[in-house]
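Asks: Numbering follows the numbering used here, in which position 276 of the sequence shown is assigned residue number 1382; successive positions increment by one, without gaps. Note that beta-carbon positions come from the ideal geometry of N, C-alpha and C, so glycine has one too. Predicted, not measured: the structure shown is a model, and the values here were computed from it.
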Amino acid sequence: MVRSAPITRRRPRFEYPDDFDPMWTPARPEFACAANAVSLMMPTIEPYFVRTVTGFVPELEPALARSTEDYVAQERAHHGAHHRFNRLLTARYPRLGPVERLLGRSYGALERLASPRFNLAVVAVSETMAYSAARWAADHRRELFDGADPAAAALYWWHLAEEVEHKASAHEVHRAIEADRRWWRLRLVAAMAVSLALVMVFVALGTATMVAAERRLHHPLAWSRLLRWSVTFAFELLANLALSLRAGHHPDDLTDPLWYEVWLRQLDGDPDAEPDGDRDTGLDGWLAAPDQPAAAS
Ligand SMILES: [Fe+2]
Ligand SMILES: [Fe+2]
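(1) Using a Cβ-based criterion (distance less than 7 Å to any ligand heavy atom), does E1152 qualify as near ligand 1?
(2) Is DSSP giving I1113 helix, strand or coil here?
(3) Nearer than 7 Å: is that true of the beta carbon of E1181 relative to any heavy atom of ligand 1?
(4) If you count every other CB in all the chains shown that lies within 10 Å of the CB of F1341, and 16 or more means buried, which is it?
(5) When you compare only the Cα positions, how much space is there between L1344 and E1206?
(6) Can you tell me whether DSSP reads L1323 as helix, strand or coil?
(7) So for H1184, helix, strand or coil by DSSP?
(8) Report buried or exposed for T1338, applying the criterion of at least 16 other Cβ atoms within 10 angstroms of its Cβ.
(9) Hey, out of E1271, A1303, R1293, whose CA is closest to L1364's CA?
(10) Starting from V1270, trace the alpha helix (DSSP H) both ways and give me its first and last residue.
(11) Could you give the distance in angstroms between the alpha-carbon of I1113 and the alpha-carbon of S1173?
(12) Which class does R1119 belong to by DSSP, given the choice of helix, strand or coil?
(13) How is the alpha helix (DSSP H) around P1149 delimited, first residue to last?
(14) Within 7 Å: the Cβ of H1272 and any heavy atom of ligand 2?
(15) Are the CB atoms of W1369 and A1267 nearer to each other than 8 Å?
(16) Just to confirm, does E1233 get its C-beta within under 7 Å of one of the non-hydrogen atoms of ligand 2?
(17) Rounded to a whole number of angstroms, what is the C-alpha to C-alpha distance between F1137 and L1302?
(18) Leaving aside the five residues before and after R1241 along the sequence, list all residues of the same chain whose C-beta is less than 7 Å from its C-beta, in chain order.
(19) Taking the alpha-carbon positions, what's the R1248 to L1360 distance?
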């Protein structure tokens, strides 16, 4: 059964200046390192999500199958945009190449060795992680994004906003497939352990590679910020993962940050979406930039 709101397919284009600085948040370069490390994972993990979920579409009732196709379309757009962004990162930091290859081998082994239903549980867990990241980023947006490069910020806000928009998709597919099966909760807990381990290892490797390249490895402020962000994010994430284990849980029961809805309405050209003050998205400046060819299609 589909309980969540319709999912919109969008294809914004992100253009970066020739002298684009991968440390795109100059006031918080460590955050750029961590966010870039997450971006590095997207062209590996999102196609894996797409393949896994698409394999179950024939088993879904028609309405859920249609909304799942829209979810898959959003994920395809995400990893395409991150693939283009990541080329700028690997050009600046060649040592990210081995991290990327190890990432591909690790998720490839998971996909090959685990059962389709376990892989589906990993996707459901990963979507809970993405939703948690979106909530955490919205809460910390002033600290993290003030003064950021507008195109890079728009890439992340678009992705996070759509993660909120499709927060229920993988959950609904997972529950539809697992509804009558035993041990679904145990499988979900095991998928949490595997997903958390992989994400922690690869975000740490990618972040450390870029922090070292930027000569901030011995900078106590850099590590104290990363530690503080990790701890506050862990609280958000663990609460949402615990909720997802409840039999009657549905992601729509969680209240989303209003800010993403305003952001997407503005991207979609809604003239009534005029955020101001604390809700200023910064998107209007990016949309008006001369090197921004088309916001959405
Ligand atoms: Fe995504
Ligand atoms: Fe997602």
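Replies: According to the structure data:
(1) yes
(2) coil
(3) Within 7 Å of the C-beta of E1181 there is at least one heavy atom belonging to ligand 1.
(4) exposed
(5) In a straight line, the C-alpha of L1344 is about 27 Å away from that of E1206.
(6) coil
(7) helix
(8) exposed
(9) Looking only at E1271, A1303, R1293, the smallest Cα-Cα distance to L1364 is reached by E1271.
(10) 1256 to 1271
(11) 7 Å
(12) coil
(13) Per DSSP, the unbroken alpha helix (DSSP H) holding P1149 starts and ends at 1135 to 1160.
(14) Within the cutoff, so yes.
(15) yes
(16) E1233: yes, Cβ under 7 Å from ligand 2.
(17) Within the model, the alpha-carbon separation for F1137 versus L1302 is close to 19 Å.
(18) E1342, P1363
(19) 23 Å
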